[in-house]
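Structure record follows, encoded as structure tokens.
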């Protein structure tokens with residue numbers, strides 16, 4: 782009888798451990814997905830900013846403005862810093 786109680790307790794603890802490990806694995810997978818999504822977002826944003834910068838450069842070249850303020854560069858810097866902060870968190 783004592784062995785049965787111990788076996789039941791052991792089985793109960795094994796189930797709890799398995800449940801916790803499963804939740805931990807799910808959280809790790811979600812973290813990896815979030816990290817990948819953030820990296821994909823970063824890649825897409827940087828590509829878009831490069832395209833915008835090329836357009837800005839073309840406009841500036843056509844208007845012969847050498848000292849033109851680049852709003853696109855400022856936006857790119859802001860988004861890059863925002864992404865970096867999210868990766869650090």
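Numbering (my numbering), first residue to last: 782 to 870.
C-beta: ideal position from N, C-alpha, C; glycine also.
- At the C-beta level, residue 853 and residue 837 come within 8 Å of one another.
- Straight-line measurement puts the Cα of residue 819 at about 11 Å from the Cα of residue 863.
- The region 828-835 and the region 854-861 touch, with three or more beta-carbon pairs separated by less than 8 Å.
- Counting along the chain, residue 861 sits inside the alpha helix (DSSP H) bounded by residues 852-869.
- Here the alpha carbons of residue 798 and residue 868 stand approximately 30 Å from one another.
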